[in-house]
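*Asks:*
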Ligand SMILES: Nc1ncnc2c1ncn2[C@@H]1O[C@H](COP(=O)(O)OP(=O)(O)O)[C@@H](O)[C@H]1O
Ligand SMILES: [Mg+2]
Ligand SMILES: [Zn+2]
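Numbering (this note's numbering), first residue to last: -9 to 417.
(1) Which same chain residues end up closer than 8 Å to residue 263 when comparing Cβ atoms and leaving out the 5 residues on each side of it in sequence?
(2) Taking the alpha-carbon positions, what's the residue 359 to residue 19 distance?
(3) Residues in the same chain with beta-carbon distance under 7 Å from residue 4, minus the five sequence neighbours each way, listed in chain order, please.
(4) Which term fits residue 238, buried or exposed, when burial requires 16 or more other beta carbons within 10 angstroms of its beta carbon?
(5) Is the segment 101 to 117 touching the segment 126 to 141, taking contact as three or more C-beta pairs under 8 Å?
(6) So the candidates are 199, 183 and 61; which of them puts its Cα closest to the Cα of residue 214?
(7) Return helix, strand or coil for residue 176, following the three-state DSSP convention.
(8) Considering only their Cβ atoms, is the gap separating residue 283 from residue 101 smaller than 8 Å?
(9) Can you name the start and end residues of the beta strand (DSSP E) that residue 324 belongs to?
(10) For residue 289, is the classification buried or exposed, using 16 other Cβ atoms within 10 angstroms of its Cβ as the cut-off for buried?
(11) On the criterion of 16 or more Cβ atoms from any shown chain inside 10 Å, does residue 405 qualify as buried, or is it exposed?
(12) Under 8 Å, with one C-beta from each stretch per pair, do the segment 30 to 42 and the segment 154 to 166 reach the 3-pair mark?
(13) DSSP three-state call for residue 110: helix, strand or coil?
(14) Could you say if the segment -9 to 0 and the segment 244 to 259 meet the contact criterion of at least three C-beta pairs nearer than 8 Å?
(15) Might you give, ordered along the chain, the residues of its own chain that have their beta carbon closer than 7 Å to the beta carbon of residue 374, omitting 5 neighbours on each side?
(16) Enumerate in chain order the residues of its own chain whose CB-to-CB distance from residue 357 is below 6 Å, with the five nearest sequence positions on each side excluded.
(17) Do residue 172 and residue 54 have their CB atoms nearer than 8 Å?
(18) Measuring CA to CA, which of 142, 170 and 140 is closest to residue 150?
(19) Do you know offhand how far residue 34's Cα is from residue 22's?
(20) Report the residue from 351, 340, 355 and 413 whose alpha carbon sits nearest the alpha carbon of residue 368.
(21) How many angstroms separate the CA atom of residue 192 from the CA atom of residue 366?
(22) Where does the unbroken alpha helix (DSSP H) through residue 13 begin, and where does it stop?
(23) Distance, Cα to Cα, residue 241 vs residue 234?
(24) Near ligand 3, which residues have their beta-carbon closer than 7 Å to a heavy atom?
(25) Do you know offhand how far residue 301's Cα is from residue 165's?
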């Protein structure tokens, strides 16, 4: 994409109403704008980041044998009355009536809707397990929407659901989601821990939360200095008091995290009251065993920035960056610079690199600043002097390391350098 014809409304100043760094940077980098409290427009670059996160999530969900569907945002109250949640969910559930005065709500989650779907279709143990997910906009009328995409009222979630014939099957579904989440957050380039959690309002038997480690996280977790043990402070009370890891007896440390994913074993919490039943091998009626699995897709974008930023702006992991590579033309009046830049631009595009060509009438200084602010992991710079010397300068956004390589052998040298940048993210 050419910067000169893009809509990237960056801001010079840090917006006063933004408290946390991810919110500030998403605004400054021209990625989101608030419409009203807790409700945001994703601008083109913000949407690119969200879509890249969603692509990774989608691929691993599909690999785990879950199928994508898309459920409605508007849900009838009657389903929520069946599970008792119409009474219990509280004010986070945004309720309204349609023209026929039927009670409705905007979906904060979809257990009722999916259970209603599956109970109407699945009759026999032969049709189980059923494993489905969607990537969809949720609405929760949060009491204190804050921190931008971190805690919105409207936000994008991946929510998956499994229906099994028995607990052994449900545990397999749960395990496959746990494993898929490990892959997803690794592929997203994030430092994270899976922690044993309490169940919150969704209830059920057990659950794990996936926490992106960041000092600004709202949750406190204990992590082992030695193994990968991690737990929510409430769950780990006893372990915390003697400060040793229950698994390996090494020391525990308190750290902060942002919950980006949550897997729940629901058991029959919804299938029992909603009568999601099937006939087993002996023709006996039995209740399905469910699990549900959420990832806060839009929150992941914010969490990635809480974990990765500096005073110059965003530092995005390459696979979720708005662009993988920035190509800065530092001298628009120099014919050989223009020619070389266009040549490299075409070549990068041809080899599938997501590249932003900065062809604006701007001083080099503002091009450097904007490439950094947007958090583009690989930056290439072509000016009169470097082109005359037959080289291109490059900068790794994260380490700040600069180097150069010859224009002659550009394709090979670029892919070698790109590999070292990715290695820095241990991808
Ligand atoms: N208000 C919100 N804004 C952005 N993301 C959210 C919000 N609430 C939940 N999420 C994301 O959706 C995932 C699944 O939600 P869930 O565990 O049901 O919510 P909660 O932990 O708030 O009870 C969470 O792990 C989180 O990443
Ligand atoms: Mg949760
Ligand atoms: Zn340990």
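Virtual Cβ for every residue (Gly too), placed ideally from N, Cα, C.
Here the structure is a predicted model, which means the values were calculated and not measured.
*Replies:* In short:
(1) 72, 73 and 74
(2) 11 Å
(3) 14 and 18
(4) exposed
(5) no
(6) 183
(7) helix
(8) no
(9) Here residue 324 belongs to no beta strand (DSSP E), and DSSP marks it neither H nor E.
(10) buried
(11) exposed
(12) no
(13) helix
(14) no
(15) 321, 324 and 327
(16) 318 and 348
(17) no
(18) 170
(19) 9 Å
(20) 413
(21) Residue placement at residue 192 cannot be trusted, given a pLDDT of 49 that sits under 50; the coordinates are not used to answer.
(22) 11 to 18
(23) 5 Å
(24) 214, 216, 217, 219, 235, 237, 238 and 240
(25) 40 Å
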